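Residue numbers (UniProt numbering): 1 to 91.
Structure, as structure tokens:
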């Protein structure tokens with residue numbers, strides 16, 4: 001029997017100094033299940049709901065999975081970020 005494993009992470013976003021809304025399209029049940037990995041000049045920092053960002057989920061996760069991460073501050077120019085489930089290691 002084959003078991004499929006789905007990687008649930010969003011595209012990498014590049015900082016432009018003004019964007020604060022970052023959409024994601026995978027299913028989660030609670031805002032606290034999302035982590036945002038921010039890479040600034042090779043140094044990684046993890047943001048989570050209430051700690052550097054706010055996560056809003058789409059109302060019907062079975063029909064339209066995902067939501068939006070609203071950062072407390074814009075991504076600095078040249079930085080990179082990705083969103084992934086809190087329990088999934090960043091690789």
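A virtual CB, placed ideally from N, CA and C, is assigned to each residue, including glycine.
As the structure is a prediction and not an experimental result, all values here were calculated from the model.
| Query | Result |
| --- | --- |
| Closest to residue 70 by C-alpha separation, out of 19, 13 and 63, would be which residue? | 19 |
| Mapping DSSP to helix, strand and coil, what is residue 23? | strand |
| Taking C-beta to C-beta, are residue 38 and residue 47 nearer than 8 Å? | yes |
| Within its chain, find whatever has a CB closer than 6 Å to the CB of residue 17; leave out the 5 residues flanking it on each side and keep chain order. | 74 and 77 |
| Let's test the definition: count the other Cβ atoms within 10 Å of the Cβ of residue 30 and tell me whether it reaches 16, buried, or not, exposed. | exposed |
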